[in-house]
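> Structure in structure tokens, see below.
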Amino acid sequence: MAEKKKDNLKDKLFYKPGNGYDHLTEAEEKKMNKYCEDYKDFLDHCKTERLCVNYCIELAEKKGFKEYKFGQEIKAGDKFYYNNRGKMIMLAVVGTDSLEKGINLTAAHTDAPRLDLKPNPLYEEAEIAYLKTHHYGGIRKYQWVARPLEIHGVVVLADGSEVAVNIGADEGDPQFIIEDLLPHLKKPSDERPLDKAVPSELLNVVVGSRPIGGSEESDRVKLGIMKLLNEKYGMVEEDFISAELEVVPAGKAQDIGLDRSLIAAYGHDDRVCAYAEMAGLFDAKKVKKTGVCIFADKEEIGSVGVTGMISEALEWFVGDMCKSQGVDIRDCFAHSFCVSADVTAAYDPNYSEVFEARNDSKINHGVAFCKYTGHGGKAGASDASAETVGKLRKLMNDNGVVWQMSQMGKNEQGGGGTVALDLANRNIETIDAGVPVLSMHAPFETVAKFDCYMTYKCMKTVFEKA
Ligand code: MN
Ligand code: MN
Numbered sequence: 299m300a301e302k303k304k305d306n307l308k309d310k311l312f313y314k315p316g317n318g319y320d321h322l323t324e325a326e327e328k329k330m331n332k333y334c335e336d337y338k339d340f341l342d343h344c345k346t347e348r349l350c351v352n353y354c355i356e357l358a359e360k361k362g363f364k365e366y367k368f369g370q371e372i373k374a375g376d377k378f379y380y381n382n383r384g385k386m387i388m389l390a391v392v393g394t395d396s397l398e399k400g401i402n403l404t405a406a407h408t409d410a411p412r413l414d415l416k417p418n419p420l421y422e423e424a425e426i427a428y429l430k431t432h433h434y435g436g437i438r439k440y441q442w443v444a445r446p447l448e449i450h451g452v453v454v455l456a457d458g459s460e461v462a463v464n465i466g467a468d469e470g471d472p473q474f475i476i477e478d479l480l481p482h483l484k485k486p487s488d489e490r491p492l493d494k495a496v497p498s499e500l501l502n503v504v505v506g507s508r509p510i511g512g513s514e515e516s517d518r519v520k521l522g523i524m525k526l527l528n529e530k531y532g533m534v535e536e537d538f539i540s541a542e543l544e545v546v547p548a549g550k551a552q553d554i555g556l557d558r559s560l561i562a563a564y565g566h567d568d569r570v571c572a573y574a575e576m577a578g579l580f581d582a583k584k585v586k587k588t589g590v591c592i593f594a595d596k597e598e599i600g601s602v603g604v605t606g607m608i609s610e611a612l613e614w615f616v617g618d619m620c621k622s623q624g625v626d627i628r629d630c631f632a633h634s635f636c637v638s639a640d641v642t643a644a645y646d647p648n649y650s651e652v653f654e655a656r657n658d659s660k661i662n663h664g665v666a667f668c669k670y671t672g673h674g675g676k677a678g679a680s681d682a683s684a685e686t687v688g689k690l691r692k693l694m695n696d697n698g699v700v701w702q703m704s705q706m707g708k709n710e711q712g713g714g715g716t717v718a719l720d721l722a723n724r725n726i727e728t729i730d731a732g733v734p735v736l737s738m739h740a741p742f743e744t745v746a747k748f749d750c751y752m753t754y755k756c757m758k759t760v761f762e763k764a
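So the sequence shown is numbered by the numbering used here: it starts at 299 and just counts up by one.
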């Protein structure tokens, strides 16, 4: 009997985060699996930030969202999207409360680490045609060689018209590759540390090998490639200069494991959070405070530029809605609440030496909140207050959302930043949250279906009740 009593006291007093499956009902698991099928479909349509914006508009319009017209009147129940230059998007559902009471914001980013083509990329060497690239965001460059690749983006032609380029995703499309050296030949880089093994300037994408024209001519393979590009897109070589062409891993999102509990895909960071926010906003009922999701571009390189989170695009959009209600945007922001959702590193037992098991997130333990990100002594973090964490904790517990706390590895081991501070800097109460990811920033990242679903439930709850 004494033994039993002690256990009860432990139950009462100890914090015991656990595996989400221990409390998942069959009905919930069905919903989870349906949600994850839709999410995988989203990923397959969204290999770049531009494709994300296009597909979000397509999905939003099906749900009754309309393009926001600046200067228009707004009323409760209205649903809008604001497309910022095709690379950043905001979605809003107007609530019954005045904007003076603040909005419920969820923010994520839809850019992902990749290889961008350089402005003058096409060349031929040893009768092989290549495209030179410049990596975007933090990648382990050795992971990008000897694997199939796709190219997506836009080209602005000399006459100012724009053509979309999408090669490698459709059935029957050719794909691309970056070579690696065979193990039989020792290369100088074998002696280099892993992060220097494949220098960025070696990430040259093979685009062809078939020469055209007479054997006495030079650059015949390059000419063959230019001819194909000209026939299909009307391009000449100079047009590469006004293009944004992104090289990304080929392949669709895949179930992983015999139990299919995981999903591997390119770009979970941070489309897994963006999708959760959008689906949460779509499904939110009885929205009192206006709900807004922001899918920012450029997070992986510091949230810079007109489509990054530091731009005033948010003020431009929310400020215009405020005008229609005669509200000062500063009053709106001061009373707003933001969940800045970005992925976090899941505890990986293969590399346990860099993790801090008590505080790092674990797969299948639910949506991961983070009081502070940053590195060293939390530099670059938006440190959420006890009150903010407390508010979210209560909200989740009251609404059956499985959550956990997270950080990223041992102190001084590394760290990372998110868009949270860009929102907090606007006098908006902000907290980080997101999905734990295994092999984050790899060409194929892995997440748990349970965590994806709980992140969606978290976002829906925020829009309905925060
Ligand atoms: Mn991210
Ligand atoms: Mn990232």
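Even for Gly, the Cβ is constructed at its ideal location relative to N, Cα and C.
Put aspartate 681 into one of helix, strand or coil per three-state DSSP.
The answer is coil: DSSP assigns aspartate 681 none of H, G, I, E or B.
> Between the beta-carbon of serine 638 and the beta-carbon of glutamine 702, is there less than 8 angstroms?
no
> Who are the near neighbours of histidine 673 in its chain, counting only those whose CB is closer than 6 angstroms to its CB and skipping five residues on each side?
Gly713
> From the DSSP output, in three-state form, read off isoleucine 554 for me.
Here isoleucine 554 sits in strand by DSSP.
> The alpha helix (DSSP H) spanning isoleucine 523 covers which residue range?
518-531
> Could you pull out every residue in the same chain whose Cβ sits closer than 7 angstroms to the Cβ of methionine 299, ignoring the five residues on either side in sequence?
Caution is warranted here: a pLDDT of 48 is assigned to methionine 299, below 50, making its placement in the model unreliable, and the coordinate value is therefore given only provisionally. Once the five neighbours on either side are set aside, methionine 299 has no close Cβ partner at all.
> When we look at the beta-carbon of glycine 707 and count the other beta-carbons within 10 Å, is it buried (16 or more) or exposed?
buried
> Taking a cut-off of 6 angstroms, which residues have a beta-carbon closer than that to any heavy atom of ligand 1, in chain order?
His407, Asp567, Asp568, Glu597, Asp640 and Val641
> Using 8 angstroms as the threshold, is the C-beta distance between threonine 671 and threonine 716 below it?
yes
> Could you check if threonine 394 is buried or exposed, using at least 16 other CB atoms within 10 Å of its CB as the buried criterion?
exposed
> So which of Tyr573, Gln441 and Glu610 has the shortest CA-CA distance to methionine 772?
No answer is possible for residue 772: it lies beyond the span of the chain, which begins at 299 and ends at 764.
> Are the beta-carbon atoms of alanine 551 and isoleucine 561 separated by less than 8 angstroms?
yes
> I think phenylalanine 761 touches asparagine 402, with their Cβ atoms under 8 angstroms apart; what is that distance to the nearest whole Å?
Right, the Cβ-Cβ distance comes to about 6 angstroms (below 8 angstroms), so this counts as a contact.
> Taking 8 angstroms as the threshold (C-beta atoms), are tyrosine 564 and alanine 546 in contact?
One point to set straight first is that residue 546 is valine, not alanine, in the sequence displayed. In this structure, valine 546 places its C-beta atom within 8 angstroms of the C-beta atom of tyrosine 564.
> Could you check what DSSP says for glutamate 710 in three-state terms: helix, strand or coil?
coil
> Is the CB-CB distance between alanine 444 and glutamate 477 below 8 angstroms?
Their beta carbons are under 8 angstroms apart, which means alanine 444 touches glutamate 477 by this criterion.
> Please list the terminal residues of the continuous beta strand (DSSP E) segment that includes glycine 732.
727-732
> So, with DSSP's three-state summary, where would you put phenylalanine 742?
Three-state DSSP puts phenylalanine 742 in coil, outside helix and strand.
> Indicate the three-state DSSP secondary structure (helix, strand or coil) for aspartate 629 in the structure shown.
helix
> Rounded to whole angstroms, what is the Cα-Cα separation between glycine 436 and lysine 308?
43 angstroms
> Straight-line CA distance for valine 453 to serine 516?
26 angstroms
> Measure from the alpha carbon of glutamine 711 to the alpha carbon of each residue in Ile387, Phe748 and Ala643, then state which is nearest.
Ala643
> How long is the line joining the alpha carbons of aspartate 720 and leucine 736, rounded to whole angstroms?
Aspartate 720 and leucine 736: Cα-Cα distance of roughly 26 angstroms.
> Would the beta-carbon of histidine 673 be found less than 7 angstroms away from any heavy atom of ligand 2?
no
> Can you tell me whether tyrosine 353 is buried or exposed, with buried defined as 16 or more other CB within 10 angstroms of its CB?
buried
> For glutamate 460, does the count of other Cβ atoms within 10 angstroms reach 16, so buried, or fall short, so exposed?
exposed
> Touching or not, the segment 516-526 and the segment 418-426, by the rule of three or more beta carbon pairs under 8 angstroms?
yes
> I'd like to confirm something about histidine 765: is its beta-carbon nearer than 7 angstroms to some heavy atom of ligand 2, or not?
With the chain covering 299 to 764 only, the question about residue 765 has no answer from this structure.
> Tell me whether the beta-carbon of isoleucine 608 lies closer than 8 angstroms to the beta-carbon of glycine 617.
no
> Would you mind listing the beta strand (DSSP E) stretches within the segment 353-413 that are 3+ residues and don't spill past its ends, in chain order?
The qualifying runs are 377-382, 386-391 and 402-407.
> Does the distance from the C-beta atom of leucine 612 to that of leucine 389 stay below 8 angstroms?
By the CB criterion at 8 angstroms, leucine 612 and leucine 389 fall outside the cutoff.
> Between the Cα of lysine 755 and the Cα atoms of Gly606, Glu327, Lys525 and Asn306, which residue gives the shortest distance?
Glu327
> DSSP beta-bridge partners for leucine 543?
Gly451
> When you compare the segment 455-469 with the segment 525-538, are there three or more beta-carbon pairs, one atom per stretch, that lie closer than 8 angstroms?
yes
> How is glutamine 702 classed by DSSP in three states: helix, strand or coil?
Strand.
> For serine 659, which residues does DSSP report across the bridge?
Ala644
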